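Engineer: Pasting a structure here, questions to come.
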Amino acid sequence: MSPIMGFGSGGGGGGGSSSLSISTATTSDELSPSSTSMSGGLSSSASGSFPASPPTPDTLERGELEQQLQPMQPYTRKVSVKHKDGGSNNSNGTTRRIKSPASSAQQKQYNILIKYGSLLLLVGQMVGLVLLMRYSRTHTNGDELYLASTAVFMMEVMKFFLCIGVVFYQVSSSPKALYHEVYHHTYGSPDEMIKLTVPSFLYTVQNNLLYLALTNLDAATYQILYQLKILTTAMFSATMLGRRFSRTKWASLVVLTCGVAVVQISGSSDGKNAKSGGEEEENRNRLVGLMAVLCAACTSGFSGVYFERILKGSDVSLWIRNIQMGIPSMLIALITVYLNDSVEVSRHGFFVGYSPLVFSVITVQAVGGLIVAVVVKYADNVLKVFASSFSIILSCLISAALFDFRPNALFSIGACLVILSTAMYSKPSSGGSASIPRSGRGQFPISRERKTSLVM
Numbered sequence: 139m140s141p142i143m144g145f146g147s148g149g150g151g152g153g154g155s156s157s158l159s160i161s162t163a164t165t166s167d168e169l170s171p172s173s174t175s176m177s178g179g180l181s182s183s184a185s186g187s188f189p190a191s192p193p194t195p196d197t198l199e200r201g202e203l204e205q206q207l208q209p210m211q212p213y214t215r216k217v218s219v220k221h222k223d224g225g226s227n228n229s230n231g232t233t234r235r236i237k238s239p240a241s242s243a244q245q246k247q248y249n250i251l252i253k254y255g256s257l258l259l260l261v262g263q264m265v266g267l268v269l270l271m272r273y274s275r276t277h278t279n280g281d282e283l284y285l286a287s288t289a290v291f292m293m294e295v296m297k298f299f300l301c302i303g304v305v306f307y308q309v310s311s312s313p314k315a316l317y318h319e320v321y322h323h324t325y326g327s328p329d330e331m332i333k334l335t336v337p338s339f340l341y342t343v344q345n346n347l348l349y350l351a352l353t354n355l356d357a358a359t360y361q362i363l364y365q366l367k368i369l370t371t372a373m374f375s376a377t378m379l380g381r382r383f384s385r386t387k388w389a390s391l392v393v394l395t396c397g398v399a400v401v402q403i404s405g406s407s408d409g410k411n412a413k414s415g416g417e418e419e420e421n422r423n424r425l426v427g428l429m430a431v432l433c434a435a436c437t438s439g440f441s442g443v444y445f446e447r448i449l450k451g452s453d454v455s456l457w458i459r460n461i462q463m464g465i466p467s468m469l470i471a472l473i474t475v476y477l478n479d480s481v482e483v484s485r486h487g488f489f490v491g492y493s494p495l496v497f498s499v500i501t502v503q504a505v506g507g508l509i510v511a512v513v514v515k516y517a518d519n520v521l522k523v524f525a526s527s528f529s530i531i532l533s534c535l536i537s538a539a540l541f542d543f544r545p546n547a548l549f550s551i552g553a554c555l556v557i558l559s560t561a562m563y564s565k566p567s568s569g570g571s572a573s574i575p576r577s578g579r580g581q582f583p584i585s586r587e588r589k590t591s592l593v594m
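Quick note, in this note's numbering, the sequence shown goes up one by one and the last residue is 594.
What follows is the structure in structure tokens.
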């Protein structure tokens, strides 16, 4: 009984009794043979109750009793690694972030703002690009007309550096990390670069054709005829991606074709073209413009589906893909300048006919790809189709105000058919999906982001 009386907590043992204070380890790293009672007594870190001497039977008995009165707590290790962003890692190395309801609501509002803001920007970009390009190709005020091939090259250069800036922001704004990221996906991936040469070539040809079309067609007619890219994209999607479309979608493609045919038959053109007669008519050859639009629609459909197949076959981001395409695109555009306009460049210079208006056209066209990427990520295909339809209406109204454009009855009917076809095409099928891939080789893994080539 004497050991028990001597183990009191300092209350009634008299002046000679001493209080016992024991330091217990809470982590496995703090355990040692000198700090456990089973290996030879209590630690010498106790506050003066036991001298730092070899264990005796008395101290062993006290240690065993202490273990019985105070059960040992399980040993745990807490590892916390702090990062720059304030996050912390658990023992498995994964970051746990708990979002509060307030932050989730703010994120939802932010996504909605980005969604509809990007759609408004897309409408403005569609209308602004066509009108600015048309105006820059027809209103030179006696100055030299700028070369379309040089404008395409400058657009590719600007778009390349814009994508570099986006990737630079995503890779923690580190120049070294940016260099390794870009090098790994370009010169370190020659096979990927070779595959992307095909859409790069087609996009460069397409952009040159658009300049040719808007030199010979009014903006409203061009906008409607260019919607044939929906038809070509659907056809290439069915053949290359193995997609099957619903009857409603095929019917919408028939309506689209009829609408485009009606617009072409209408023969609508700028009012001033009818007044000026033969000289203006020679500068705006409607047949040349029509052929340019048809070729641009075909290249747009094929290159879009080809690019979609590459996107869905890997986890590389859209911005990296644009950088990969930008390198061969700039090279092909520069070769186009040499083949088509080398004489003019040698005589008048590379930037002949350039003005703030021309640089505005180049900037709007370069930014357009970034806006489409944001719309694909935050919005959906239906809203993008409505944005395209609204841009057609807005282009007709602005063309009537600025370019003395006078649409006739057939043109109005054709425009309504085209807008109706886009609405029909965007209608979800009964199965709830926009298209049904065939089983087998036509299937592709589901991507985290919306990656589509339809109605771009």
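Even for Gly, the Cβ is constructed at its ideal location relative to N, Cα and C. Note that the structure is predicted; figures quoted are calculated from it, not measured.
1. At what residues does the alpha helix (DSSP H) containing K387 begin and finish?
2. Return the first residue and the last residue of the alpha helix (DSSP H) that E282 is part of.
3. Between S467 and S338, which are expected to be in contact by the criterion C-beta below 8 Å, what is the C-beta distance as a whole number of angstroms?
4. Measuring CA to CA, which of V268, G464, V556 and C301 is closest to C396?
5. By DSSP's criteria, F445 is part of a beta bridge. Which residues make up the other side?
6. Whose C-beta lies closer than 7 Å to the C-beta of V343 among residues of the same chain, with five residues either side of it excluded?
7. Quick one: grab the DSSP three-state call for D329.
8. Please give me, in chain order, every unbroken run of the alpha helix (DSSP H) with length at least 4 that falls completely inside the region 301–353.
9. Please report the distance separating the alpha-carbon of A538 from that of R544.
10. Helix, strand or coil: how does DSSP classify F543 here?
11. Buried or exposed: F306, going by 16 or more other Cβ atoms within 10 Å of its Cβ?
12. To the nearest angstrom, report how far apart V475 and V510 are at their CA atoms.
13. Give me the residue from M271, S241, Q308 and L432 with the minimum Cα distance to S533.
14. Tell me whether A163 sits in a helix, a strand or coil according to DSSP, three-state version.
15. Kindly indicate the opening and closing residues of the alpha helix (DSSP H) around T377.
16. Put T437 into one of helix, strand or coil per three-state DSSP.
17. Buried or exposed: where does S559 fall if 16 or more other Cβ atoms within 10 Å of its Cβ makes it buried?
18. Does A547 pass the burial test, meaning 16 or more other C-beta atoms within 10 Å, or should it be called exposed?
19. Can you tell me whether E282 is buried or exposed, with buried defined as 16 or more other CB within 10 angstroms of its CB?
20. For V268, count neighbouring Cβ atoms within 10 angstroms of its own Cβ and tell me buried if that reaches 16, exposed if not.
21. Can you tell me whether D479 is helix, strand or coil according to DSSP?
22. Mapping the DSSP letters down to three states, classify V490 as helix, strand or coil.
23. Would you call the CB atoms of L366 and V398 closer than 8 Å?
24. Can you look up K565 in the DSSP assignment and give me helix, strand or coil?
25. Taking all protein chains shown into account, do 16 or more other C-beta atoms lie within 10 angstroms of the C-beta of A243, making it buried, or fewer, making it exposed?
26. In the DSSP assignment, find the unbroken alpha helix (DSSP H) run with L363 in it and report its ends.
27. Considering Cα atoms alone, identify which of Q402, K515 and N249 is closest to M429.
28. Return the CA-CA distance between A389 and T278, expressed in angstroms with no decimal places.
29. Residues in the same chain with beta-carbon distance under 6 Å from V261, minus the five sequence neighbours each way, listed in chain order, please.
30. Thinking just about the alpha-carbon of each residue, which of R382, F497, Q245 and L285 is nearest to the one in G487?
31. Could you check which residue in A357, Y317, K253 and Y325 has the C-alpha nearest to that of R275?
32. Let me confirm a value: I332 is counted as buried when at least 16 other C-beta atoms fall within 10 Å, else exposed. Which label applies?
33. In whole angstroms, give me the CA-to-CA distance for H323 and A435.
34. Can you determine whether any heavy atom of the ligand FMN sits closer than 7 Å to the C-beta of Q462, and answer yes or no?
35. Less than 8 Å between the CB atoms is what I'm expecting for M292 and N345, so what's the real figure, rounded?
36. Which of the three DSSP states, helix, strand or coil, is assigned to N423?
Structural biologist: Looking at the atomic coordinates:
1. According to the DSSP assignment, K387 belongs to the alpha helix (DSSP H) that extends over R385 to S404.
2. Where E282 is concerned, there is no enclosing alpha helix (DSSP H), given that its DSSP letter is neither H nor E.
3. Between S467 and S338 the beta-carbon gap is near 4 Å, inside 8 Å, which marks them as a contact.
4. Closest in alpha carbon position to C396, among V268, G464, V556 and C301, is V556.
5. Under DSSP, F445 forms no beta bridge with any residue.
6. The residues are T437.
7. D329: helix per DSSP, three-state reduction.
8. Within the region 301–353, the complete alpha helix (DSSP H) runs of at least 4 residues are 313–323 and 328–333.
9. It is roughly 6 Å from the alpha-carbon of A538 to the alpha-carbon of R544.
10. The answer is strand: DSSP assigns F543 an E or B state.
11. Flag for F306 reads buried.
12. Rounded to the nearest angstrom, the two C-alpha atoms are 27 Å apart.
13. If we check each option's Cα against that of S533, M271 comes out closest.
14. Here A163 scores only 41 on pLDDT, less than 50, and its place in the model is too uncertain to base an answer on.
15. Residues L366 to M378.
16. DSSP, reduced to helix, strand and coil, places T437 within a helical segment of the structure shown.
17. Label assigned to S559: buried.
18. Exposed.
19. Exposed is the label assigned to E282, since fewer than 16 other Cβ atoms lie within 10 Å of its Cβ.
20. Taking every protein chain shown into account, the CB of V268 has 16 or more other CB atoms within 10 angstroms, so this residue is buried.
21. Here DSSP, grouped into helix, strand and coil, assigns D479 to helix.
22. Coil.
23. L366 is a Cβ neighbour of V398, given a cutoff of 8 Å.
24. The answer is coil: DSSP assigns K565 none of H, G, I, E or B.
25. Residue environment: A243 is assigned as exposed (fewer than 16 neighbouring CB atoms within 10 Å of its CB, all protein chains considered).
26. Segment A357 to L363, the alpha helix (DSSP H) holding L363.
27. If we check each option's Cα against that of M429, Q402 comes out closest.
28. Put simply, the backbone Cα of A389 is about 43 Å away from that of T278.
29. Answer for V261: A525, F528 and S529, listed in chain order.
30. Nearest C-alpha to G487: L285.
31. Ranking A357, Y317, K253 and Y325 by Cα distance to R275 puts A357 first.
32. With fewer than 16 other Cβ atoms within 10 Å, it is exposed.
33. Between H323 and A435, the C-alpha separation is close to 30 Å.
34. The model on display carries no ligand, and the ligand FMN is accordingly not part of it.
35. In this structure M292 does not touch N345 by the C-beta definition: roughly 11 Å separates them, more than the 8 Å allowed.
36. N423: coil per DSSP, three-state reduction.
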